[in-house]
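A.B. asks: Please find one structure pasted underneath; my questions will follow.
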Amino acid sequence: MYLKVADELKDRLSSFKKEGIVVLDLDDGAGKYSKMGVCSLDTSFRLLVLSQDQDRSDYTLDIDSDVGEIPIKEYSKIYLDDQMSLEYDDRLALIKLKSPSGVIDGNVPIVDLRK
1 MYLKVADELK DRLSSFKKEG IVVLDLDDGA GKYSKMGVCS LDTSFRLLVL
51 SQDQDRSDYT LDIDSDVGEI PIKEYSKIYL DDQMSLEYDD RLALIKLKSP
101 SGVIDGNVPI VDLRK
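Numbering-wise, full-length UniProt numbering puts 16 at position 16 of the sequence shown, and it's gapless, one number per residue.
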């Protein structure tokens with residue numbers, strides 16, 4: 001799996017990765033950082049920023065990206081494709097997770113959970 005990161009996002013994500021870890025989290029209500037899942041047919045992903053010492057035990061699979069490896073929950077790969085992209089929509093000021101199949105998630109927030 002590979003995640004292409006839009007130029008508008010590379011510096012921001014790289015700076016977070018210098019200070020901590022960035023994970024691509026399926027917000028499904030399972031795991032330490034998921035307070036509630038989405039009760040709809042939508043698939044909801046978030047980019048979580050964690051400090052080096054925070055628990056990442058839910059994120060057991062790494063995917064390659066333009067900004068280095070990004071951990072995910074292994075079972076969340078069923079929602080992902082081999083080639084994906086994080087694109088920044090300047091007009092709406094939001095991040096979209098896309099694949100050749102279409103939009104996986106039209107609004108991927110960055111959530112800083114560092115202590």
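Cβ atoms here follow ideal geometry from the backbone N, Cα and C, with glycine treated the same way.
1) Under 7 Å Cβ to Cβ from V103, same chain only, skipping five residues before and after it: list those, please.
2) Please list the terminal residues of the continuous alpha helix (DSSP H) segment that includes D11.
3) Using DSSP with H/G/I as helix, E/B as strand and the rest coil, what is Y75?
4) Since L3 contacts I63 with CB under 8 Å, what's their CB separation in whole angstroms?
5) In chain order, what residues of the same chain have a beta carbon less than 6 Å from the beta carbon of G31, not counting five sequence neighbours either side?
6) In or out: P71 buried (at least 16 other Cβ within 10 Å) or exposed?
7) Note down, in chain order, each residue of its chain lying with its Cβ closer than 6 Å to the Cβ of I110, except the 5 sequence neighbours on either side.
8) Determine the DSSP secondary structure at Q54, reduced to helix, strand or coil.
9) In the DSSP assignment, find the beta strand (DSSP E) that holds M84 and state where it starts and stops.
10) Mark G29 as exposed unless 16 or more other C-beta atoms lie within 10 angstroms of its C-beta, in which case mark it buried.
C.D. replies: Based on what the coordinates show:
1) K96
2) Counting along the chain, D11 sits inside the alpha helix (DSSP H) bounded by residues D7 to E19.
3) It is helical.
4) 6 Å
5) D58
6) Buried is the call here.
7) Cβ neighbours of I110 beyond the five flanking positions: L47.
8) Correct three-state label for Q54: coil.
9) Q83 to D89
10) exposed
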